[in-house]
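Start counting the sequence shown at 1; every next residue gets the next number (UniProt numbering).
C-beta: ideal position from N, C-alpha, C; glycine also.
None of the values given here were measured: they were computed from a predicted structure.
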Amino acid sequence: MGDASQMPSLVGMGNPLLDISVNTDSAILDRYKLESNNAILADDSHLPLYPEITKMPGVEYIAGGATQNSLRVAQWMLGGRGDAAFIGCVGRDHYADIMQKNCQHDGVITRYLVDESTPTGTCAVLVTHEGQRRSLVANLSAAIKYDHSHIIEPDNWRLIEHARIVYSAGFFVAVSPKAIEMVSSKCIETGALYCMNVAAPYIVEVPDFKKVVFETLPKVDILFGNEVEAKALAKALEWDDSMSIPEIAVKLAEMPMAEGKKRGRKVVITQGPLETYIANTGRPVAAYDIISIPDHDIVDTNAAGDAYVGGFLAGLLKNCDDQMCAAAGAYAAWEVIKQSGCKFPEACAFKFAVDSTTTIPPGEGAVSLVAITVLLGLAVLLEKYVYDHFYKKIAPYKTGDMRRKMVPAKFNAHPHALQGLLPDVGPDSPFKGDAGLFPLKSTGDKIFWETFVPTDVDEPKGVIVLCHGYADHSGFHMFNDARMFCEKEKYACVLFDQISSGRSDGLQAYIDDWFKYCQLAKEFIDEFILGQFVPSLADRSVHLPFYGYGHSMGGCLVTSLSILHPTLFDGLIMQSPMLKIPQSMHPSWIVEELLRGLAKLFPKAPVVPTKNLGAIMYHHKDAHHYSAKYNILAYRGRPRLCTALSLLQGQDFVSGNFKSVTTPFIICHGAADEITDPQADVELYNESPAKSESRVCLYPGLRHYITGMQEPEESQKVFDDMFEWIENRTVEVDKEYKQMPTETDDHAIEGETVTERPSLPKEMDAFYWTGFGGPEVCKNYILYRPTRDVCWLTTDAPAAILCTVASANQHVCLCRVQVHYASLNPADYQQRNGEAKHLLKYNFPKVFGFDFSGDVVQVGSEVKDFKIGEAVFGMVSGVRTGTTAEYVLVDDYVCALKPSEIPHHLAAAVPLVGITAEKALNKCNINEMHQVLVTGGSGGVGSIAIQLCKAEFGIKWVATTSSEQNRGLVESFGADEVFDYKCNNRRWAEQFDSGTWRHAYDVVFDTQGDYKQAVLLLGDSTDGESPEDAGGMVSIVDGPSAEAALEWLKESHTEPKHSYIKSFLENFSWIWDAATGVRSMRKKAKGKYWTVIGTGDGDACRRLATMLESKSIVPHIDGVYPLSQAKDALAKVESGRTKGKVLVEDVFLCPPYGFSSTELQVIADPKESFVEVDDSMEAVEGSSEQPMPSSPSEEGVEVAREAADEAEKSAEEAEGESKDAENAAERGLKDASKGAAEAEKAVSEAMDAEEEVEKKEDNC
């Protein structure tokens, strides 16, 4: 039976049963001694059950059996036919024919063994508690007659040999243990995945069955089960009864694999309506949410587990990662439980995002590059010769003025009414309409707006701002959506044409930067909607719920705004939102980079190929032609280069921050949409902390625009879902605001009704970057508002203010720190430049900064070492960054208590450089007998490394490289020998050969990128010295090596951008090291060569704190900048001319104290004027923002004095110049009251004198 010619990828072995399903009550369970949510094999006492339920009303006969169900669902998810084949035993009867026809209809190949003497197996499915629970009683009959000889028949065995995945539910262990043993062993040979489902508790409780399971487990690649089955298995394995489900999953994943298995085990444990846990060998367990569904929509949960497995297996065949497989399983279960039995819609709306390891077919990449090259030539012609002249003739909508001439900027009653839902606009329409132009203060651009205010109520229920999609405007689709909310639900509505759209200013359909686009929209919302329109509707004491509505790109816009400003909206309403580009449609990084290059040359060129969006936008066949005729302001050209990249930027930002969407939402999406991805809606729902108040509605057959231009009942269904959700949400918002304290009464009496609008916490300032590039992507001051409940769910999400960390299980070990000082490092601009963008995943906008020092203001429930109010410092892990802000959320393991004697600015200066330097020196097994060379002794890492050599490792001789100008500085750090690397511009090797260097060194630490020359100064092992103690060379600039990269990924708990990167590092390290040059350097260093990358380490910070406290190490501060000038601070770091560290001071300043003038130098302004801080020096009176001396004249004095001190050590002929410098300083002191101009002159004179001194010294 079945088509033997097909070779499916998925093969299942199991018990084919015909499900006899009926909805009943608990009485029948009691009568037959059955339990809900359980499955058993029928005995003689259960035989009367089957004829009894066949006589009940509503009984259904459905092809079933756990394995067969999963295969049918998997084939449905995959689409097409013949990807899955099922093997089992049936009788020769009508029941078998029904099952075979069902499988053939679903595209599943059947290879049934037919038993002539036994009827086909059946399963009584008793559904109780309104579909929430089910009890299965299986009468296996013919299913139990399966014989392993059937599996080795040539046609059947060929299926096993060619399968990529073989799956069997645990029920099959009671039928044919021999077949399981044969097939699972064959999978080791072929490399196929062998998957098993525990299926029921009794499978691991009955001794004979348990024995088969235990013997098979070492050969199982993927083990499925629910929480009850997992507990039963743990009990059978005699594990601790108190183990949690995640602990059981991890322990099962770590159980030994059979010999020959080349991969670890994956364990998938579902928990009904709760999250699913997935554990992989050697990796931490992960939790993945299912799709919640209202109780009234649940019909039958009988096949939910089988459907989940089917969706998961389909994801595996699509090469998806765990997250996508879990999403596929959740979707399949979500669809099936809305049906009776294991049934599903005719078409599957789920879209897989395949693993990024998917390769491009040969030649396709070259064709893409050729096509883009041709487009480049066209772009040149288009921009320079054709566009301005020709485009105006065919589409005179280039500028806002031109578009407003075509359609005046006034309220228009559009002829396109919602068919059957609304009458045409007339004098009796129950709303007041208005329109106008609003100038933006930041750019001067005029924004066109329209408002709808219901006139048949005293006050609207709330306010909705509607945002249109790409290439559209507010006057067509959005116009009628606004009318529905205004006329039917009594909400005031505001529509506006976004910049470069409709009747607003700007080049049509041109977006140069997504975050600038969001910023302009936010400015309009703040200044016009919240600043003018909302106050005109109601008294200020009354809060009107405020909602963001977005279609397509507008959905991406309101979601971005809700991430950046979490309390801006009370709720989001999205229609077919543009949230995420499927991986299969996302351009490769090569093509994306080429597009970026072209966009810099021709940003406005409309040359990006795309589909005819109008043709696939509507469900109704005539809608496209109607839109083309009446929607005259819509943009109909190709996307512009910069616009396409900005849309990618927006979708990458939103999809990377799903866990930061804390605003409740409803998404309505056509399941047949080909423009935006409905599956992204499900991902957002699963990841958002607001899921309990949110809803996703998918509509089979509908496409991209689903609220009009189709059959009235189709549109009405969408609006009904939106109306139901917004009504419930408005009730909740009103409750929330009544419970919150008000601006005038912060101590409202409990139970008292509060009607005034509550005050919201202040926004947070930060220094951030919006994407890869140069200084142009750096931004000062991005403002975030805190959330009402749980904050963001990723530590690099932008909304860094939280309210209830402890309520988020994922963040019970996090601390919220109010930052006083942060420091900038080369790693900041290196990340911004995109040096690791192909290896690591970044979400934007991203706040700069690794180092921090500040006060703990909130802790997670499991944080034991830190308390609110304590001062801490440390370095964040991985690529999370985010310390150049008022607040940062950090893992507790990267923090250390700051000694009270140490000021915040010193604590913030040491973590990254100290951790990195210590880690690097430890790599070389450094000891006190070694002689050490540190290159770049005046830099951040180099300066601390010299001090660590002396303080922590007891090194007697430390040499360093530096300019002659910085000789005194590096000697103050403890350097015994200082070499001027600029001397005569000679290469290091030449100087070493000529005897300029003192000797070879046991340990060479490269901090500047001089590793190719520095390795020549590495000496051989000392006689009698063991290899382990022989030192070596370490670099923080070269590579990194595969070993260092893997070590960093593990220590920082960071996952690479693509799953294959880690595997490549582990299995092909020699290729990586050869490509990065590490292998060559290791050979030159005779194997003693390492590279290191520092990451957050609380233990290392505690050691640094001890040394700071004892003054064993003192960081050199080269500049302190206010947060508003952080861009200048980063530019200074990027210049490569810093001495020590550059700091950014945030809101809460701490004056330096406890160090003498010879131990601490700070800069009071960004102009590189150095001052010394005396022990007794305090903050300038009346200036809380500048605790260090800020008088420019005093700075000139100190510079001059420093020059004078150095002059005294010089030759006799230099004394005159030194006195001149000192006199110049004294004059500066006397004239301090005359202001900064005279002070700068004194500084200049002092520096000139110092240069003369140096020249005299050189001559001497």
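Are the CB atoms of residue i and residue j nearer to each other than 8 Å?
i: I269; j: A249; result: yes
i: A333; j: A304; result: yes
i: G170; j: S141; result: no
i: A66; j: N197; result: yes
i: A253; j: K262; result: no
i: L912; j: F1005; result: no
i: G260; j: N280; result: no
i: V125; j: D19; result: yes
i: S474; j: G506; result: no
i: F772; j: G834; result: yes
i: F224; j: V173; result: no
i: V309; j: S70; result: yes
i: V166; j: Y194; result: yes
i: G869; j: H820; result: no
i: K1139; j: S938; result: yes
Give the DSSP bridge partners of residue i, in chain order.
i: S168; result: M196
i: C668; result: Q575, C697
i: C467; result: G550
i: T935; result: DSSP lists no partner for T935.
i: N280; result: K266
i: T451; result: D434, V494
i: residue 1261; result: In the structure as shown, the chain begins at 1 and stops at 1260. Residue 1261 is therefore absent and cannot be evaluated.
i: I1117; result: K1141
i: W514; result: Answer by DSSP bridge pairing: none, since W514 is not bridged.
i: E60; result: S21
i: T128; result: R133
i: S500; result: Paired residues: none, contrary to the question.
i: P1122; result: E1145
Can you tell me whether residue i is buried or exposed? The criterion is at least 16 other CB atoms within 10 Å of its CB, across all chains shown.
i: E687; result: buried
i: V731; result: exposed
i: F214; result: exposed
i: Y547; result: buried
i: E1250; result: Here the model assigns E1250 a pLDDT of 46, short of 50, so the residue's position is not dependable, and the following value carries that caveat. Buried, since its Cβ has 16 or more Cβ neighbours within 10 Å.
i: Y626; result: exposed
i: G936; result: buried
i: D155; result: exposed
i: S117; result: exposed
i: A1105; result: buried
i: G14; result: buried
i: M1188; result: Confidence at M1188 is low in this model, with a pLDDT of 34, below 50, so the placement of that residue is unreliable and no value is reported for it.
i: W1070; result: exposed
i: D43; result: exposed
i: L113; result: buried
i: E450; result: buried
With hydrogens ignored, establish whether the beta-carbon of residue i is closer than 7 Å to any heavy atom of the ligand MN.
i: K490; result: In the structure on display, the ligand MN does not appear, and there are no ligands present to speak of.
Worksheet entry | Ordered list of beta strand (DSSP E) runs contained in the region 205–263, each at least 3 residues | 222–226
Fill in: Cβ contact check for the region 961–972 and the region 902–918: 3 or more pairs under 8 Å
no
Discussion item. Taking contact to mean 3 or more Cβ pairs, one atom from each stretch, closer than 8 Å, check whether the region 888–896 and the region 1069–1085 are in contact.
Written reply: no
Worksheet entry | Complete alpha helix (DSSP H) runs within the region 11–56 (minimum length 4 residues, chain order) | 26–31, 49–54
Worksheet item: Taking contact to mean at least 3 C-beta pairs separated by less than 8 Å, is the region 1104–1116 in contact with the region 939–948?
Response: yes
Worksheet entry | Cβ contact check for the region 98–106 and the region 231–238: 3 or more pairs under 8 Å | no
Discussion item. Within 8 Å, do at least three Cβ pairs link the region 838–853 to the region 648–667?
Written reply: yes
Worksheet entry | Complete runs of the beta strand (DSSP E) confined to the region 910–955 [at least 3 residues] | 931–934
Fill in: the region 656–663 touching the region 513–526, judged by at least three CB pairs closer than 8 Å
no
Discussion item. Check whether the region 608–624 and the region 701–720 are in contact - that is, three or more C-beta pairs closer than 8 Å.
Written reply: yes
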